[in-house]
Structures are given as structure tokens and as C-alpha cells.
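Right, one structure below, let's go through it.
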Amino acid sequence: MTSAESATMLGSKQGKFLSRIDDAGKTHRIPVGIVEGARPGGQITIFGGQHGTEYDGIEAVQKLYRTIDPAEVSGRIVIALATHEESFLNWEQFAPTYPSIMEMMMELAQGSDLIINCHGGEFSEGMHPYVICRLLGDETLDQSARKMAQAFGLPYVSWSQYRGEPPESSVRPAWWLWPKKSMADRLRIPEITPEVGERGSRDDQGLMYNGIINVLKTFGYLSGEPQTFEPLRAIGDRYWLTADEDGVFFPSITVGQDVEEGEVVGVVRDYFGELLQTVTAPAAGKVMNMNWGMPVKKGAFLLWLGVIEKAA
Ligand SMILES: [Zn+2]
Numbered sequence: 187m188t189s190a191e192s193a194t195m196l197g198s199k200q201g202k203f204l205s206r207i208d209d210a211g212k213t214h215r216i217p218v219g220i221v222e223g224a225r226p227g228g229q230i231t232i233f234g235g236q237h238g239t240e241y242d243g244i245e246a247v248q249k250l251y252r253t254i255d256p257a258e259v260s261g262r263i264v265i266a267l268a269t270h271e272e273s274f275l276n277w278e279q280f281a282p283t284y285p286s287i288m289e290m291m292m293e294l295a296q297g298s299d300l301i302i303n304c305h306g307g308e309f310s311e312g313m314h315p316y317v318i319c320r321l322l323g324d325e326t327l328d329q330s331a332r333k334m335a336q337a338f339g340l341p342y343v344s345w346s347q348y349r350g351e352p353p354e355s356s357v358r359p360a361w362w363l364w365p366k367k368s369m370a371d372r373l374r375i376p377e378i379t380p381e382v383g384e385r386g387s388r389d390d391q392g393l394m395y396n397g398i399i400n401v402l403k404t405f406g407y408l409s410g411e412p413q414t415f416e417p418l419r420a421i422g423d424r425y426w427l428t429a430d431e432d433g434v435f436f437p438s439i440t441v442g443q444d445v446e447e448g449e450v451v452g453v454v455r456d457y458f459g460e461l462l463q464t465v466t467a468p469a470a471g472k473v474m475n476m477n478w479g480m481p482v483k484k485g486a487f488l489l490w491l492g493v494i495e496k497a498a
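Residue numbers 187 to 498, in our numbering, belong to the letters of the sequence shown in order.
Laid out in C-alpha cells, this is it:
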């Protein structure tokens with residue numbers, strides 16, 4: 187046996203930086219881990235940290251790269267270990283994805299059969315775990331996307347078919363989701379976005395890590411029997427609540443809580459306690475995502491409620 191043959195049998199791991207210099211001369215880089223499996227197979231690309239304070243995804247992908255044994259892997263696993271490095275290093279929330287970063291993300295995803303783009307709540311966000319599944323209108327591709335979403339093991343799903351401007355009303359239909367165009371759209375590759383974690387949590391329950399592992403097993407990238415889960419429940423209409431005025435937000439609910447129509451979910455006051463806004467639920471729903479930050483500006487996001495479809 188040659189050494190090249192034995193290396194193939196064992197597989198390999200390689201960490202490196204991908205980098206781009208933008209028009210302004212600034213360098214952007216992504217630390218990338220590439221796992222070459224011992225056996226042949228397809229390719230999956232996994233992104234952590236497109237938003238730099240969403241730690242669950244970053245924890246999970248770095249743990250994955252650190253601990254995975256290439257001997258157990260078929261095909262290639264490409265892992266972006268801190269996709270938006272600048273926002274990660276600066277603890278910057280809601281950082282835009284610069285064109286140079288998007289270019290590198292596309293490069294990493296190109297040629298893959300599947301994409302997992304890990305997101306969650308940033309430092310000032312509460313978030314109930316759910317998965318966004320991007321549908322492309324192609325039966326074969328969508329079947330894989332749905333299978334990935336189901337295999338991730340989170341209870342709720344947003345089936346994203348967004349192709350247009352967001353509606354003006356505060357009721358956002360189930361199909362409405364950012365971004366206008368995802369990597370899935372551009373590359374025609376099935377993609378899911380698990381939304382796990384909030385307020386600086388670090389995948390404490392392992393939902394993100396275990397979800398990734400289960401997708402890898404389900405699609406044969408990793409040896410081992412995958413777990414099966416209850417069928418996903420879809421998030422239908424979403425009610426987007428915002429602040430009427432600048433002030434301080436005092437929520438009276440928590441993430442994951444089910445609220446009734448008309449229920450008070452919080453208030454906005456000025457510094458001296460003067461009531462500026464009583465925030466009520468326009469419909470019954472589950473608090474999926476909320477602003478945990480105290481200061482709010484007029485028109486700013488407070489929380490959104492999801493109407494969860496009944497179990498089948
Ligand atoms: Zn995010």
C-alpha cells in the first residue's frame with residue numbers, strides 16, 4: 187500500500203483561511219475546516235457564524251471539526267468555522283454580509299449537495315428553536331431540503347418560499363422570510379437554516395450540534411444510525427410587533443410562550459416610567475423571537491408571534 191492509499195483510507199482534516207480583499211482594500215477571511223472522508227461520497231457545506239454573536243452555531247461547527255473522525259466520514263464536509271469573522275471578533279450584532287463574504291460563502295457551497303447555514307438569536311435576541319427550510323420549486327431538491335429539516339430534530343419549521351418584497355402589513359405570511367435570495371436560490375442546492383440559541387448561549391443543550399450530526403448520518407456522510415423525530419409542525423402566519431415610539435421595552439412574556447389574542451405581551455415606557463405603549467398580541471400565537479434589548483427606537487422590532495399549525 188502506498189502512503190497516498192493509506193491516507194485515502196483514513197481520510198484527512200485540513201484547516202485553512204479563505205480570504206478576499208474588497209474594493210476598499212480590506213481583507214475578509216473565513217476559517218474553514220475541510221474533512222475528507224475515508225470513503226467516497228458527496229459534499230455538504232456547513233456554515234457557522236454568518237452573524238458573529240450567534241454562538242450556538244459557532245460552538246457546534248467548531249466542535250464538529252475538532253472532534254470528527256474522517257475515518258467515519260464518506261465524502262467531503264466543508265465547514266465555515268466563523269463565517270463573518272469581523273462581526274465575530276468585534277461582537278457585532280446584525281452585521282451585514284459584505285459582498286466579499288457572500289462570494290466566499292458561495293465558493294464554499296459550490297459543488298455541494300446540501301447546505302446547512304446555522305443561525306440563531308444574537309446577544310440581544312430571544313429565540314425559540316426552529317428551522318427554516320428553503321423551497322426551490324423543484325421536487326427532487328425540495329425533497330432533500332425537507333428531509334434535512336426533519337432530520338435536524340427541531341420542533342417547528344418555516345417553509346420558506348419567499349420571492350419578493352415583504353408585505354406592508356404587520357401580518358407576515360408563512361412564506362415571507364429574509365433574505366430575498368439565499369445560497370439555495372443562487373446555487374440550486376437544498377439549504378436549511380436552523381435557528382438555535384439566544385442571548386449568548388453556547389449550544390448548551392446540544393441542539394445545534396446534534397442536529398448537524400443527525401443530518402450527516404441521515405444522508406450517509408457520517409456512519410451511524412440516525413435518530414427519527416416527530417413530524418415537524420409548520421409555522422403559519424407571523425405577527426410582527428414593533429415600537430410606536432422611542433423608549434424602554436419591558437416584555438411580560440418569554441420566548442416559547444403561547445399567548446392569547448389581546449394578551450398584553452409588554453410595555454414601552456420612557457425613563458421615568460411614563461407609559462408610551464401597551465403591546466398586545468394581535469392573534470393567538472407562540473413567541474418565537476423577541477428583542478431582549480431594553481432600548482427601542484420607533485418602528486423597531488419587539489417580537490414576533492408564530493401561529494403554529496396543529497399537529498397532523
Ligand atoms: Zn443570524
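Every residue, glycine too, gets a C-beta built ideally from N, C-alpha and C.
Alpha carbon of residue i to alpha carbon of residue j, nearest angstrom
{"i": "valine 259", "j": "threonine 253", "result": "12 Å"}
{"i": "methionine 510", "j": "glutamine 336", "result": "The shown model of the chain, from 187 to 498, leaves out residue 510, and the question about it has no answer."}
{"i": "alanine 497", "j": "aspartate 208", "result": "48 Å"}
{"i": "leucine 321", "j": "glutamine 443", "result": "28 Å"}
{"i": "glycine 223", "j": "valine 264", "result": "11 Å"}
{"i": "glutamate 447", "j": "serine 344", "result": "22 Å"}
{"i": "glycine 243", "j": "glycine 261", "result": "22 Å"}
{"i": "glutamine 248", "j": "leucine 267", "result": "6 Å"}
{"i": "tyrosine 316", "j": "glycine 307", "result": "11 Å"}
{"i": "glycine 452", "j": "glutamine 279", "result": "23 Å"}
{"i": "tyrosine 241", "j": "tyrosine 251", "result": "15 Å"}
{"i": "leucine 418", "j": "phenylalanine 309", "result": "27 Å"}
{"i": "aspartate 328", "j": "phenylalanine 203", "result": "32 Å"}
{"i": "isoleucine 220", "j": "aspartate 423", "result": "39 Å"}
{"i": "asparagine 475", "j": "isoleucine 439", "result": "11 Å"}
{"i": "serine 205", "j": "methionine 290", "result": "8 Å"}
{"i": "glycine 297", "j": "isoleucine 421", "result": "31 Å"}
{"i": "glycine 406", "j": "glutamate 416", "result": "21 Å"}
{"i": "isoleucine 378", "j": "glycine 201", "result": "24 Å"}
First through last residue of the beta strand (DSSP E) which encompasses residue i
{"i": "arginine 320", "result": "316-320"}
{"i": "leucine 462", "result": "461-466"}
{"i": "arginine 388", "result": "Taken as a continuous stretch (DSSP letters only), arginine 388 belongs to no beta strand (DSSP E), as it is neither H nor E."}
{"i": "isoleucine 448", "result": "According to the sequence shown, residue 448 is glycine rather than isoleucine. It is not in any beta strand (DSSP E) - glycine 448 carries neither H nor E in the DSSP assignment."}
{"i": "tyrosine 342", "result": "342-346"}
{"i": "valine 221", "result": "213-222"}
{"i": "valine 441", "result": "Neither: valine 441 is in no beta strand (DSSP E) and is coded neither H nor E."}
{"i": "glycine 227", "result": "225-233"}
{"i": "lysine 472", "result": "471-477"}
Residue of the options minimising C-alpha distance to residue i
{"i": "lysine 212", "options": "Gly392, Ser286, Gly201", "result": "Ser286"}
{"i": "cysteine 304", "options": "Met394, Ile399, Asp208", "result": "Met394"}
{"i": "isoleucine 302", "options": "Val453, Leu491, Thr269", "result": "Thr269"}
{"i": "arginine 215", "options": "Val382, Thr283, Asn396", "result": "Thr283"}
{"i": "arginine 388", "options": "Gly479, Ala370, Thr239, Asp299", "result": "Thr239"}
{"i": "alanine 370", "options": "Ala295, Pro217, Asp423, Leu462", "result": "Ala295"}
{"i": "valine 493", "options": "Gln279, Glu293, Val482, Val473", "result": "Val473"}
{"i": "glycine 234", "options": "Glu416, Gly383, Arg372", "result": "Gly383"}
{"i": "valine 445", "options": "Leu461, Gly406, Leu491, Ser368", "result": "Leu491"}
{"i": "lysine 403", "options": "Pro376, Lys333, Asp423", "result": "Lys333"}
{"i": "leucine 462", "options": "Glu449, Pro481, Asn475", "result": "Pro481"}
{"i": "arginine 374", "options": "Asp299, Ala420, Asp390", "result": "Asp299"}
{"i": "serine 330", "options": "Pro376, Gly219, Asp423, Gly479", "result": "Pro376"}
{"i": "glycine 323", "options": "Asn477, Gln347, Glu416", "result": "Gln347"}
{"i": "methionine 195", "options": "Asp255, Arg372, Gly201", "result": "Asp255"}
{"i": "asparagine 400", "options": "Arg385, Gly386, Pro380", "result": "Pro380"}
Near ligand 3: residue i beta-carbon under 7 Å from a heavy atom
{"i": "glutamine 236", "result": "The ligand content of the structure shown is limited to ligand 1, which means ligand 3 is not among them."}
N-terminal and C-terminal residue of the alpha helix (DSSP H) that residue i is part of
{"i": "lysine 484", "result": "Run containing lysine 484: none; DSSP gives neither H nor E here."}
{"i": "glutamate 416", "result": "Unbroken run through glutamate 416: none, as it is neither H nor E."}
{"i": "glutamine 327", "result": "Rather than glutamine, the amino acid found at residue 327 in this sequence is leucine. That run of the alpha helix (DSSP H) goes 325-338."}
{"i": "valine 401", "result": "393-404"}
{"i": "leucine 204", "result": "No alpha helix (DSSP H) contains leucine 204, which is instead part of the beta strand (DSSP E) from 198-207."}
{"i": "valine 372", "result": "Inspection of the sequence shows that residue 372 is occupied by arginine rather than by valine. Run containing arginine 372: 369-373, per the alpha helix (DSSP H) assignment."}
### Query
Using 8 Å as the threshold, is the stretch 454-471 in touch with the stretch 407-416, meaning 3 or more CB pairs across them?
no
### Task
Pick out the complete beta strand (DSSP E) segments inside the stretch 251-308, 3 residues or longer, and give them in chain order.
260-266, 300-303
### Task
May I ask you to verify whether the stretch 454-461 touches the stretch 425-435, counting CB pairs closer than 8 Å and requiring at least 3?
yes
### Task
For the stretch 225-232 and the stretch 271-279, state whether three or more C-beta atom pairs, one from each stretch, are separated by less than 8 Å.
no
### Task
Say whether the stretch 485-493 touches the stretch 411-430, bearing in mind that this needs 3 or more beta-carbon pairs closer than 8 Å, one atom from each stretch.
yes
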